[in-house]
Structure formats: C-alpha cells, structure tokens
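In the working numbering, the protein residues as written are 1086 to 1295.
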C-alpha cells in the first residue's frame, strides 16, 4: 500500500501554531469524517487542546477510513499500519515533541488510538477507546506498556453489535495486562457515543493530562 497522509484536520488552536497545552488527538470511525467527533472534543476540559483528524482513505465524499475492512475485528496488521503511521506523522508535524499527547478514537479510530500507544509508547501518554478495540498479536511497544501501565479509557454500549465479540473479548483481556484501565459499559447504547460516555471521557482526560 502506498504511503498515506492526513491532509485535513480541525484543531482548537488557531493559525496553525500549537499553543503548548496537553493535546487530545481524535480519530473517527469507518465511513465517517472528523466532524463527527466535534461534540466529544468540545466537552474536553479547559486546559486541553484537541485535534480532529480526517482519515486518509476516501471511500466517498464525506466518508473516510483509516484502513480497509477485511476480517471484522481482526484486520490485517499490514493494512492497519499505514493509517496509524499517517496519524503519527500528522502529530509529529503539528504538535511539538515535548507536548503530552493522548489519542482517542471511536470504533476503527479506537484501534488507531491504541496502535499509536502500542507502537510508540514513548510519545503517547495513554489512549481513549470509544466503542473500539485493540489489534491482535504482540506489538513492538507492548513490553514497555506492561511495565509503565499508562492510563487508558475504554467505553462501549452493551447493545453494540458492530464490533466482533472476539475483538471485544481480546480488548477486555489486553487492557488490564498492559495499562491502567478505566472501563465503562453503557446500558442500551449501541455503536455510538452517548453524552454520558463523552463526559466520562472528559473526566478521564482531566485526570490523565491535567
């Protein structure tokens, strides 16, 4: 696969100059766009900057993806890597290296957020998974995470039938083995983000970054 690039992002800072605050980078789900997570970003606490990234694969106008869907819940790692690399390249270009960065993603974007942490644990302070999951297998930074146990938020609706059950089970096993996990289940919530979940994430971010 050719090199992918994030070419569009909405940020809380103006004029392209990062303002030095701890930063949450948000990755949307499959078939969506960066604007779908604007409501989540606006609930983040004062003192935290944020960036909404548009995934680099265009499926149709206004519909984007971080990687193609192959086996649900167990995508080919080779398909996942270019989108994760694109997100990291955007962070490298737009957020100064000393800045604390915490990636957050919904659904497919949750895998991107967790992969950023797993592949580059020295750069990312934790992660947030909203109806998301982690990739199968051992990843380069997993040994580091088992030692450092960074904070991770994982929330999902108990009526979410989109993410494959084996991927949910994998995630529920992986999190306590590698992170200091805050987990939440939301009764009756399907594959979406509720206001309650967004507020819970905001509280988690405040504790992790401020």
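From the three backbone atoms N, C-alpha and C, an ideal C-beta is built for every residue, glycine too. Model, not experiment: these values are computed from the prediction.
Item                                                                                                                                                       : Value
Could you pull out every unbroken alpha helix (DSSP H) segment of at least 4 residues lying fully inside the segment 1109 to 1186, listed in chain order?  : 1123 to 1127, 1162 to 1179
Rounded to the nearest angstrom, what separates residue 1157 and residue 1271 at their Cα positions?                                                       : 22 Å
Could you have a look at residue 1199 and say whether DSSP puts it in helix, strand or coil?                                                               : helix
Can you tell me whether DSSP reads residue 1292 as helix, strand or coil?                                                                                  : helix
Let me make sure I understand the geometry here. Which of 1103, 1093, 1113, 1255 has the alpha-carbon closest to that of residue 1193?                     : 1113
Determine the DSSP secondary structure at residue 1281, reduced to helix, strand or coil.                                                                  : helix
I need the straight-line Cα distance from residue 1196 to residue 1263, nearest angstrom please.                                                           : 15 Å
Classify residue 1213: buried if its beta carbon has 16 or more other beta carbons within 10 angstroms, exposed otherwise.                                 : buried
For a quick check, are the C-beta atoms of residue 1122 and residue 1162 less than 8 Å apart?                                                              : no
Quick check: the segment 1122 to 1142 against the segment 1241 to 1253, are at least 3 beta-carbon pairs closer than 8 Å?                                  : no
Where does residue 1213 fall in DSSP's three states?                                                                                                       : strand
Measure the beta-carbon distance from residue 1260 to residue 1132 and round it to whole angstroms, keeping in mind my assumption that it falls under 8 Å. : Not a contact, Cβ separation roughly 26 Å.
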